[in-house]
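A short write-up of the structure that comes next.
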Amino acid sequence: MRRIIYHADDFGANEEVSEHILDCYREGALNSLSVLPNSPCLARCMEMLRPYQEKVAVSIHFNLAEGHCLADPGEVPWLVDERGMFDISFFKVLLLSFTGKRRELKRQIRTEMQAQLERMLPYVSALRIDSHQHYHMIPVVLKSILEAAGEHKIAFIRIPAEPITPFLRHPKLYHTYRPINLVKNLVLNVLRLLDEPLLRPYRKKSAVFFGIVLSGEMDLRRVRILMGEFRRIADKRGLPLEVLCHPGRGRDAERLLDPQNTLCRAFYTSENRSMEKETLMKIAQPQR
265 MRRIIYHADD FGANEEVSEH ILDCYREGAL NSLSVLPNSP CLARCMEMLR PYQEKVAVSI
325 HFNLAEGHCL ADPGEVPWLV DERGMFDISF FKVLLLSFTG KRRELKRQIR TEMQAQLERM
385 LPYVSALRID SHQHYHMIPV VLKSILEAAG EHKIAFIRIP AEPITPFLRH PKLYHTYRPI
445 NLVKNLVLNV LRLLDEPLLR PYRKKSAVFF GIVLSGEMDL RRVRILMGEF RRIADKRGLP
505 LEVLCHPGRG RDAERLLDPQ NTLCRAFYTS ENRSMEKETL MKIAQPQR
């Protein structure tokens, strides 16, 4: 059986979210997490992580989705609003990347990705790459990150192109899948094909991914039903399996990266975060 990566996103969203994620590690239910580079409380959260950092894989959660930019807002005006907060959707980035504005878009994204990388380098010993809301699967974003990484050796890149066959093999679950997540999975699988020239050198530095179709709703019943299928696919491909959960709930919405971002605010404060924490605690074998 290939190794299973039990992963939590959004470490650093605030101290409360980060503490819930660390609960999972302390209970032996987590061996990997992603850190938001533009967290206002990054230093405090990384201090919370420090006693465990040698035993948990730490990825950079490159972020264009929420919070304040790290570059000078005047250098990245297409990415932010008048407050300097990110205000460009996944699909807007994707659409702009196919227009004559691509070159300037890429310049601004690379500027921001470089700033985020530099902020995280003091805290990581190996460069592991993923992104908030999977923006890095847009080719112009992925290329910007890889260029910003330069000569730094990359240990891992998340490729969130989730296999669809495990879901097709369980017809009784069809009605439980959210259509928007099915669309997301389709889009990410198409983008994986477009990213192929960039991702080819990192095929063995990734994992089979589980966490799109059930995104935000990784409940125990369905995860248990589907896990076996994903394990078999990972073994066949000779890769680890990455299981993504969001176990960090933040009840104090005013201390999130951008309290005015209503979509992200609803996501962090949802009771589903507590449900995903419970799922992770029960499906993961002790990792310590």
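For the sequence shown, the working numbering assigns the number 265 to the initial residue and increments by one for each residue that follows. Glycine included, C-beta positions come from ideal geometry on N, C-alpha and C.
Residue i, buried or exposed, once every other Cβ within 10 Å from all chains shown has been counted against 16
i, result
"Pro461", "exposed"
"Phe362", "exposed"
"Arg442", "exposed"
"Lys319", "exposed"
"Phe494", "buried"
"Lys246", "Look at the range of the chain in this structure, 265 to 552, and you will see that residue 246 is not part of it."
"His398", "buried"
"Glu376", "buried"
"His510", "buried"
"Asp336", "exposed"
DSSP state of residue i mapped onto helix, strand, coil
i, result
"Ile268", "strand"
"Glu279", "helix"
"Asp499", "helix"
"Leu286", "helix"
"Glu506", "strand"
"Arg537", "helix"
"Arg552", "Its pLDDT being 44, under 50, Arg552 is placed unreliably by the model, and the measurement read from it follows with that caveat. Looking at Arg552 - three-state DSSP - the assignment turns out to be coil, as it is neither helix nor strand."
Short Cβ contact (7 angstroms threshold) for residue i with residue j
i, j, result
"Ala412", "Gln378", "yes"
"Ile423", "Ser470", "yes"
"Ile421", "Asn449", "no"
"Leu458", "Ile418", "no"
"Val299", "Phe326", "no"
"Pro504", "Ile269", "yes"
"Met545", "Ala293", "yes"
"Leu452", "Ala425", "yes"
"Lys370", "Val322", "no"
"Thr429", "Val487", "no"
"Ile559", "Val472", "This structure cannot settle anything about residue 559, because the visible part of the chain is limited to 265 through 552."
"Leu359", "Ile352", "no"
Spatial neighbours of residue i in its chain, beta-carbon cut-off 8 angstroms, leaving aside the 5 residues before and after
i, result
"Thr533", "Arg513, Gly514, Arg515, Ala517"
"Ala307", "none"
Cβ shell of residue i (< 6 angstroms), same chain only, five flanking positions each side left out
i, result
"Met310", "Tyr387"
"Ser479", "Asn445"
"Val357", "Ile402"
"Asp522", "Glu330, Gly331, Met349"
"Val507", "Tyr270, Phe474"
"His396", "His325, Asn327, Ala329"
"Gln551", "Low confidence applies to Gln551: its pLDDT is 47, below 50, so where it sits in the model is not reliable, and the reading given next is rough at best. Excluding sequence neighbours, Gln551 sits near Gly292, Asn295."
Cβ shell of residue i (< 7 angstroms), same chain only, five flanking positions each side left out
i, result
"Met539", "Asp483"
Original post:
What are the uninterrupted segments assigned as alpha helix (DSSP H) that are 4 or more residues long and contained completely in the stretch 346–395, given in chain order?
Top reply: With a minimum length of 4 residues, the continuous alpha helix (DSSP H) runs that stay inside the stretch 346–395 are 354–360, 366–384.
Original post:
Along the chain, which unbroken stretches of the beta strand (DSSP E) at least 3 residues long are found entirely within the stretch 413–497?
Top reply: 418–421, 472–474
Original post:
Considering only residues of the stretch 289–344, which uninterrupted beta strand (DSSP E) runs meet the minimum length of 3 residues and lie entirely inside it, listed in chain order?
Top reply: As far as the stretch 289–344 is concerned, its whole beta strand (DSSP E) runs of at least 3 residues are 296–299, 321–326.
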